[in-house]
Amino acid sequence: MSSIEEKITANFDGIEVRKIEEGRIEVKTKKEALLSTLNFLKDEGYGHLGLVSCVDRIEEGIFELVYILSRYLVGGEVAVDQASLIVKTEVPRGNPTLVTSVKVFETAEPYERELHEMFGIVFSGHPRLTPLFLERDIDLPPMRKDFDTRKYVEEEFESIPPVED
Amino acid sequence: MDRRQLIKWLKEPLKMSNKYSLHVVYFCTGCGIIEIPPSITARWDAERFGVKPVATPRQANLFLITGYVSLKTLKPIIRTYEQMPAPKYTVAFGSCPIDGGMYWDSYNTINHLDKYIPIDGYIAGCMPRPEAVFAGITHLWTLIDEGKADGYKKYRRNYSQYRSNQERLYGELGWPPRFETEGLENE
Amino acid sequence: MEIISEKKKGGSSRELELYFGPQHLGMIGNFSITLNVRGDRIVRAEANPGYLHRGFEKLMEGRSWIQNFPLVCRVNVIEPGSMEMVYSTAVENLAGVKVPPRGKYIRCIYLELSRIASHLFGLWAYSKTLGFETVGGWAMYHRDLILDLFEELTGGRVYNIYIWPGGVRRDLPEGFEERTKDVLHEIGEKVPDYNQTFFENRLFHERARGVGVVSREEAMNTGGTGQVLRATGLEYDIRKVEPYGVYDEIDWDVPTREDGDAYSRIMVVRDEMIESVHAIFKLFDKLPGGPVYNKIPNPFKWNIPEGETYVRLESSRGELGLYLASDGGRKPYRAHFRTPSYPHGLTILEKALAGESISDTGNIMISLYVTAPEIDR
Amino acid sequence: MLEAILVVAFGGALVSYFLGRWTSRIRDYFALGVWIAILGMTSYLHQIEPKISTFYPGFLGYDLSLRITSLSWLFAVTVAAVSVLVIIYSFRYIKGHEKRNLFYFLLLLVNGGMMGITLSGDLLSFYIFWEIASWSTFLLISFNRGKALPAGLRYVVMSVIGSAAMLVATLSLYSSYGTLALSDLSTHLATAGGGYVIFIFLLFFVSFGVKNAIVPFHTWLPPAHSEAPAPFSAVLSGLLVKMGTYGLILIFYLIAGMKIFLGLGTGIWSFHYIISALAGVTIVVPSFIAVLQDDAKKTLAWSTVGQAGYIVLGVSFGTGLALAAGIFHFLNHAMFKSLLFMSIGTVERKTSTRDLNELGGLVKRTPVLFVVTLVGAAGLIGIPLTNGFFSKWMLYKTLILEGNPFLAFAALVGTWGTVLYSYRLIHNVFFGQLPEKYRDVTRTSFSTYLPMVILSIAIVFFGVFPGFLLGEINVVTTSLGFTPLDVQLWGISSDSGTVNTLNILAALAVVGVMVWYLFRSSAETTEVSQEDSYTAGAPVPQGRFTYTADFYRPLEKIIRPYLKDRIEDFYGMLVGFVGVLSDTVRRIYTGYVGTYVAYILALLAAVLLVQLGWKPW
Amino acid sequence: MVGMKIAGIIFSPIIGVITGLLLTGAARKMVARVEWRYGPPILQPVIDLIKLFFQRPPSHGKTFDYGLIASLAGSIVLVLFLPVGRLCPLSEGGGLLLITYLILIGPLGMALSGGEGANPYVSIGISRKLILSLGYEVTLLLILLSVMSEYDTISIFNVVRAQSENGWSLFSWPLVIPGLAYLLILPAILGVKPFDVASAPQEISSGPHVEYGGKYLALSKLEGGLSEFIGIALFVNLFLGGWSIPGSLHLPAGVLGVFLGVLVFLAKVAFVFSLNVTVSASFPRLRVEQAVKYLWSWPAFIGLVGLIIVSAL
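Residue numbers (numbering that gives the first Met the number 0), protein chains in the order written: chain A, 0 to 164; chain B, 0 to 186; chain C, 0 to 376; chain D, 0 to 616; chain E, 0 to 312.
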């Protein structure tokens, strides 16, 4: 039985696999190959999508999407060999669109909703990209690095005058 | 009940009954809520003083805002406050409703709650212990006694200011003004 | 065709739209569920979070590594201990700080105590939604006893900030072990009472059995962890499969049930509390001497090398994770919490509620351990 | 005088038909005038000596006669009064309908037929008027076409069975005794054998039971009531169905007499007890079926079946108090059920739906309609100080004190069904958020309100002063051989004193005023709009914030399995069975439903057999 | 005799209202003690009432006001028809049958009032209340019929008088069977746990009371206390012999006797009530269909057996 790293490199071209620490393996994939990678990993037993996250690499001009996959282990199985995978892909900041992974992992639905709201990433094919947390529309999605929350608070909240009796 | 109490009851039944029958409607806005259950259960038992949580704002006369107020929560808070029958009192928990507390720079929490609804008392601390809650309530009693807990009157008087602040925050509020906004400012 | 899709979206006019929360006595936490109801049956439920959104992850990017401790523990007010643990483990991983053995043991004792406190809070919430304030009052009283221990240990009742990169902030005070054991004995003595009035109450069985069933496949597909999975018979516990602290050094069991309904989940919670009590005794027995923390550099000038890490641990509600990235500066570059209530409250809850009676909304929600603040963050 | 009434009734029907071709307004007022005249004439006959007059000598060699007694007067005056109100109500309701001329003609014909039934002095003229009423009823039920046609057909089939049964019994009586006059028959039947009496009773029971919708024969009623035009539903439910009651009283107490009727069989196997048990079933099951209906008129229709159960129970139980209760309940039912059908008809006209799940919030638009409907529903439930309370109270009392707690239980549980569906009716039509589509519902005209207001006043008036009606009823029961009741203007005596409505009224008024004063003297209120309602903090969602659909779903889950209309299934099976049998017949009469023919043929065969002298007993 | 009647008319509603209030207060105290709390002062409901009458609540319209007034008035009138001790001003007319109908005015008035409040929680609460009422009413009717058949009267006053001569019905054969059934459904009649489905605050935000504030809530609380009093008073009158004391003791005649009779009666009411409250504190709430299923199983069966035995004997 070959390790998961070998399997991934054997099945996909242009994919970077790297062990970053004990029990964590980073898998960097192309935007186009993301769904097939996730599908493959799910079939390999990585059925637990822990987290879908996004890192705003503003200097490189990209959004780095992070999918954390692990196995549902039971009994005496210990995760030392069955490392969690950190699957990464990049989308350009100028045109942040990506195909949704809801069809592979149902769990991704609220995460992608949140990322849409917080980073402005459009997940095509997502069942409901409605606002999740925020009440009012903010022009710039707030989790982006160029969104200055202190300035926003200063402008929007502090400018409202106190009520004088 | 000693004689002084009795005389007080006969003289000012409104104040006395409001003091000793504080029915609470609360918003679980964050951390402060964690100390509400201890205050109403076995250890502290707020019902000794007639403080009792009720289901809807219509039945309540004390509004506890237990912590920071996010934008999404403020709207229900305003609605709930307006649905309470007068006389009504509001007490805000923790440092956050006063000036934002540790969330002073968050894009989703408003920093000064009293810009949008009147607050009769603050209980400072992050978050206030049950003892502080009781201290706050006894302080509210003295405020009621002295007639200083008049936030609802203030709200009525300055409704146009409150309403305009609320609308600046949200644009459309989704419900018509509670009182007439015109012509009140001059009074 | 259009009419059908519109109906699906907007619902038929005969359906009632009912708001369960945010201002609702049955709602624990500031959360809202929009129920589409026909008769007393829920046709469709839509979770509506965000009432507690503070933008923690944005705030954390603006504060230094140590300044973030007061923030992270406030992500979840019910069990702040696990939040401190996950953050400081992540920082330790990135900075390469090691924890001395006594520190590890004390951390685990503290975590187990806060797990019991959290479960007791959950028991209060659950019994309250069933209208069983009696048991809820007892549970809240017992939780307070544990909070008193925390107060002695750290000075704070709820937000302790006890766990620290490199260990814990201070050693256990004199006689703390005995007092902890006394409290645990006092709670343990009441377990038969709890059993008799609540867990073995026939009406509790009637209310909870067969309600809000989440099958194992469904739970695994939708990211369920913690009690949701263990109630379906799967022995999945991060403390076992990816041990942290000293959980692999002591001997303890993962309680499970088979049916996947609200009853099973609550019974798993009960068994876990008992298991935690036993674990604490075992931890005290093995508690080694030595320092409780390793020194860290001056926090104001602490640069952590570039890198990223994903840490996960078992909180009282399920798998708690933190994805933490550093760009080599004094502040985190990106932090993202994977909170157990997120999939439980946004995906599983919506599915579990459909088809149930509105009487069971709170029942199902609390049995899934949906905690609003950690969804919203 | 008696002839004059019928001449006016039927002549008026014809004249109004031809008048209507000329001008509709005059026709309306003419029809109203005719029936006011009839009402006047009938009232004039109050407490007249019983008399008989022959109005058509030699119909097929037999003299047809008319007859008035206190019993028939009571029914006749009710028919006349409700007819007047229904005609007033129809002014507006039927306005603009293309066949309104026919509607008036048929309505007047039905009412005339009912006058004839109540005033007829022998069974043959009874039968003739019965048929006139029945056939014009069929046309009226199917008046709206569409779904109304099968409803009418179903009615006509059941009705033909009933008529045939009556014809058989009538012919049999004639062949046995050579007379059909009501006054003569009673002396003859007193000497007849028990088996023959049961045979006659059963045939008449089938006939009147169909009309009265007693449980095995009730299936025609719900669709017919719900599909008929609203004014006619009121007539149908308030009056026509109760012609069956009149027939039952006639045959049980007038022709046969109390002794024979109560003497058939012993214990729980006696004839009247079995009918009472059937009536008990008629109370309980339809009342709970009504709870599950989504259609407002269907609810009322099933309710009619249930209330008819109370009336039949009163008639068949066999004590003076019970009979008085039965007759009283008939009068009350005529009041509140006509009222309810009228008000639901108005609602349907205004909103063009009667689906209880679609309606809501109308109290803000039509407050008067709400109040009259509320009074009607209160009468239906039997809230004290409405007329329904008193008749039910009398019935329960006699059931309990005569040692029949189980029948009393059935009746009381039926009341709870009544409470449930009445409240749902009120709630779903009038309460809840006013939907957007009903924002511009206008108030109705005076002529629509007038009959409803009169009826609701009558409900309260006779609830407070039941003595007015009970006095009349007392005369009737006394004339049928029962010991007179101790009736006062505001009550009736019981073993524990007098039920005194005035006491209740005074207490309620005084306490009510005190509570009202307490309410008024405390802090003032501010009126708020419907949108300002508790929603856990969210704004009110438009149009989707009313709990109407599946109002009693938790209950439904429990009781629906038990409440399937099994009799309907049984008939369906029977029809299927007969359909197979009559396949050949169907081939001959192409295009017509063979089963109905088979029914008729079978009954004709029975008639012939009886005429040939076959005696099955 | 007339004097006593007038005294009854004046005092029995007052006694009913005050007892209802005090029972509510006592219940809160007792429940608090079960939950290891100290509990509110026993007069807390009175304080609440005073406050509520001073508040300025919103109104939803005429039906909203008058429905509630009718509800309270109906309940107070009902007390006039119930023997309260020996005070029984109007109980000779109509008897138990009238009571079964007068009992409807309270809930239906509140239902109408709540209906105009136009809140679905109200509607759900009323729907539940009606379903639950149907649930216990089936058994209650069986019980009432048993009592009426056994004593061959429809007058509640005669029932009480017969008991004062022949001993309490609860301890006499065969009425002990319906008595037991009544005890089983009593929590449902009072609407305490596990049968507080109609006003479940955690499920439907206190149901029919959702839109009530200020004096509306005050009136509905008065009505609630009164209906609790009525539910227990009916039981005490039918099965615990009303004013009568067990054994060969007899109350003296005259005003003193009336006074003592009322005291004895109230003591019985308090006893039965405390029994129910302690039971209710140790149960969670049932769903409404579970409640109805329960009420239609054992209690209804026992009630039916009782009626069969009573009518057979």
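Heads up, the beta-carbon is just placed ideally off N, CA and C, and yes, glycines get one too.
> Buried or exposed: which applies to ASP531/D, given that a residue is buried once 16 or more other Cβ atoms fall within 10 Å of its Cβ?
Replying inline: Start at 1 with the first residue of the fourth sequence, and residue 531/D comes out as number 532. By the neighbour-count criterion, in which a residue is buried when 16 or more other Cβ atoms sit within 10 angstroms of its Cβ, ASP531/D is buried.
> Going along the stretch 50-61 of chain E in order, which residues come within less than 9 Å of chain B, judged by CB to CB distance?
Replying inline: So the list reads LYS50, LEU51, PHE52, PHE53, GLN54, ARG55, PRO56 and PRO57, given in the order they occur along the chain.
>> For LEU312/C and MET84/C, which I take to be in contact (beta-carbon distance under 8 Å), what is that distance rounded to the nearest angstrom?
In response: Position 313 of the third sequence, counted from the first residue, corresponds to residue 312/C. Position 85 of the third sequence, counted from the first residue, corresponds to residue 84/C. Indeed they touch by this definition, with Cβ atoms about 6 Å apart.
> Can you find a CB in chain B that lies within less than 9 Å of the CB of GLU157/A?
Replying inline: One-based indexing of the first sequence puts residue 157/A at position 158. Among the CB atoms of chain B, one or more fall inside 9 Å of the CB of GLU157/A.
> Enumerated in chain order, which unbroken segments of the alpha helix (DSSP H) with a length of 4 residues or greater are wholly contained in the stretch 228-258 of chain C?
Replying inline: Listed in chain order, the alpha helix (DSSP H) elements of length 4 or more contained wholly in the stretch 228-258 of chain C are 237-240.
> Taking the C-alpha atoms as reference points, what is the distance between GLY590/D and VAL291/E?
Replying inline: For the purposes of this step, residue 590/D is taken as residue 591 along the fourth sequence, with counting starting at 1. For the purposes of this step, residue 291/E is taken as residue 292 along the fifth sequence, with counting starting at 1. Bear in mind that the predicted position of GLY590/D carries a pLDDT of just 43, short of 50, making it too unreliable to give a figure here.
>> With DSSP as the reference, identify every bridge partner of VAL214/D, one or two as the case may be.
In response: In the fourth sequence, residue 214/D corresponds to position 215, counting from 1. In DSSP, VAL214/D forms no bridge with anything.
>> I believe TYR67/B touches ARG53/C by the beta-carbon criterion, under 8 Å. Please report the beta-carbon distance rounded to the nearest angstrom.
In response: Reading the second sequence from its first residue, position 68 is the one you call residue 67/B. Reading the third sequence from its first residue, position 54 is the one you call residue 53/C. Their Cβ separation, rounded to whole angstroms, is 7 Å, which keeps TYR67/B and ARG53/C in contact under 8 Å.
> Hey, out of ASN200/C, ASP192/C, GLU151/C and VAL291/C, whose CA is closest to ARG178/C's CA?
Replying inline: Stepping through the third sequence from its first residue, residue 178/C is reached at position 179. Taking only the C-alpha atoms, the option nearest ARG178/C is GLU151/C.
> Name the residues in the stretch 169-195 of chain E whose C-beta lies less than 7 Å from a C-beta of chain F; which are they?
Replying inline: No chain F is present in this structure, whose protein chains are A, B, C, D and E.
> For VAL212/C, which of helix, strand or coil comes out of DSSP?
Replying inline: Taking the third sequence and counting its residues from 1, the one referred to as residue 212/C is at position 213. Here VAL212/C sits in coil by DSSP.
> So which residues on chain D does TRP174/B lean against when the C-beta distance must stay under 8 Å?
Replying inline: Translated into the one-based positions of the second sequence, residue 174/B becomes position 175. Per Cβ cutoff of 8 Å: GLU530, ASP531 and PRO538.
>> So for ALA323/D, helix, strand or coil by DSSP?
In response: Taking the first residue of the fourth sequence as 1, we reach residue 323/D at position 324. It is helical.
> VAL486/D bridges to which residues according to DSSP?
Replying inline: Counting from 1 along the fourth sequence, the entry for residue 486/D is found at position 487. The secondary-structure analysis by DSSP pairs VAL486/D across a beta bridge with ILE491/D.
>> Just to make sure I have the definition right: I need the residues of chain D whose C-beta is within less than 7 Å of the C-beta of TYR322/E. Which are they?
In response: The shown model of chain E, from 0 to 312, leaves out residue 322/E, and the question about it has no answer.
> Since ASN35/C is in the beta strand (DSSP E), which residue starts that stretch and which ends it?
Replying inline: Your numbering for residue 35/C matches position 36 in the third sequence. Unbroken beta strand (DSSP E) run through ASN35/C: 31-37.
> Taking just the CA atoms, how far does GLU318/C sit from SER52/A?
Replying inline: Residue 52/A sits at position 53 when you count from the first residue of the first sequence. Residue 318/C sits at position 319 when you count from the first residue of the third sequence. Going by C-alpha positions, SER52/A is about 16 Å away from GLU318/C.
> Is the CB of SER521/D under 9 Å away from at least one CB in chain E?
Replying inline: Start at 1 with the first residue of the fourth sequence, and residue 521/D comes out as number 522. At least one CB atom of chain E sits nearer than 9 Å to the CB of SER521/D.
>> Between MET219/C and chain A, is any beta-carbon pair separated by less than 9 Å?
In response: Walking along the third sequence from the start, residue 219/C turns up at place 220. Interface residue, yes.
>> DSSP three-state label for ILE122/B, please.
In response: Within the second sequence, numbered from 1, the residue matching residue 122/B stands at position 123. Here ILE122/B sits in strand by DSSP.
> So, PRO230/D versus VAL452/D, is the Cβ gap smaller than 9 Å?
Replying inline: In the fourth sequence, the residue the question calls residue 230/D occupies position 231. In the fourth sequence, the residue the question calls residue 452/D occupies position 453. The answer is no: Cβ separation not under 9 Å.
> Residues in its own chain within less than 8 Å of ALA353/C by CB, not counting five upstream and five downstream?
Replying inline: Counted from its first residue, the third sequence places residue 353/C at position 354. Counting only Cβ-Cβ distances below 8 Å, and skipping sequence neighbours, we find ILE41, VAL42, ARG43 and ALA44.
> Which chain A residues sit within Cβ distance under 7 Å of ASP119/B?
Replying inline: For this step, residue 119/B is matched to residue 120 along the second sequence. Using a Cβ-Cβ cut-off of 7 Å, ASP119/B is close to nothing in chain A; its nearest Cβ partner there is about 13 Å away.
> Who are the near neighbours of GLU115/E in its chain, counting only those whose CB is closer than 6 Å to its CB and skipping five residues on each side?
Replying inline: By 1-based counting over the fifth sequence, the position of residue 115/E is 116. Taken in chain order, the residues that qualify are HIS59, GLY60, THR62 and PHE63.
> By the 10 Å Cβ neighbour count, where 16 or more other Cβ atoms means buried, how is ARG2/B classified, buried or exposed?
Replying inline: In the second sequence, the residue the question calls residue 2/B occupies position 3. Exposure of ARG2/B is indicated by the presence of fewer than 16 other C-beta atoms within 10 angstroms of its C-beta.
> Does any residue of chain D bring its CB to less than 9 Å from the CB of ILE301/E?
Replying inline: The residue labelled residue 301/E in the question sits at position 302 within the fifth sequence. For ILE301/E, the answer is no, since every Cβ of chain D falls outside 9 Å of its Cβ.
>> Under 9 Å, Cβ to Cβ, is there at least one residue of chain D near PRO48/C?
In response: The sequence position of residue 48/C within the third sequence is 49, counting from 1. Not an interface residue.
> By how many angstroms is the C-alpha of THR186/D removed from the C-alpha of GLY120/D?
Replying inline: As a first step, residue 120/D must be located in the fourth sequence, where it is residue number 121. As a first step, residue 186/D must be located in the fourth sequence, where it is residue number 187. So the alpha carbons of these two residues sit roughly 15 Å apart.
> Under 9 Å, do GLY302/E and VAL175/E count as touching if we go by C-beta distance?
Replying inline: Within the fifth sequence, residue 302/E is the residue found at index 303, counting from 1. Within the fifth sequence, residue 175/E is the residue found at index 176, counting from 1. The criterion of a C-beta distance shorter than 9 Å is not satisfied by GLY302/E and VAL175/E.
> Exposed or buried, what is HIS249/E when buried is set at 16 or more other beta-carbons lying within 10 Å of its beta-carbon?
Replying inline: Position 250 of the fifth sequence holds residue 249/E. Counting the other Cβ atoms within 10 Å of the Cβ of HIS249/E gives fewer than 16, which makes it exposed.
>> Checking 9 Å against the spacing of the C-beta atoms, do SER63/C and LYS330/C come in under that value?
In response: The residue you call residue 63/C lines up with position 64 of the third sequence. The residue you call residue 330/C lines up with position 331 of the third sequence. Contact: yes.
>> So PHE118/A and ASP42/A are supposed to be a Cβ contact under 8 Å. How far apart are they, rounded?
In response: Residue mapping note: residue 118/A aligns to position 119 of the first sequence, counting from 1. Residue mapping note: residue 42/A aligns to position 43 of the first sequence, counting from 1. Under the criterion of beta carbons closer than 8 Å, PHE118/A and ASP42/A do not qualify as touching, at roughly 29 Å.
>> By DSSP's criteria, TRP392/D is part of a beta bridge. Which residues make up the other side?
In response: Residue 392/D sits at position 393 when you count from the first residue of the fourth sequence. Answer by DSSP bridge pairing: none, since TRP392/D is not bridged.
> By the criterion of Cβ-Cβ separation under 7 Å, what are the contact partners of MET147/E in chain D?
Replying inline: For the purposes of this step, residue 147/E is taken as residue 148 along the fifth sequence, with counting starting at 1. Neighbours of MET147/E on chain D, chain order: ILE399.
> Which one of LEU122/D, VAL83/D, PRO540/D and SER52/D has the shortest CA to CA distance from ALA333/D?
Replying inline: One-based indexing of the fourth sequence puts residue 333/D at position 334. With distances taken between Cα atoms, ALA333/D lies closest to VAL83/D.
> Going by alpha carbons, who is nearest to PHE316/D out of TRP301/D, ALA295/D, ILE326/D and TYR272/D?
Replying inline: Looking up residue 316/D in the fourth sequence gives position 317. Taking only the C-alpha atoms, the option nearest PHE316/D is TYR272/D.
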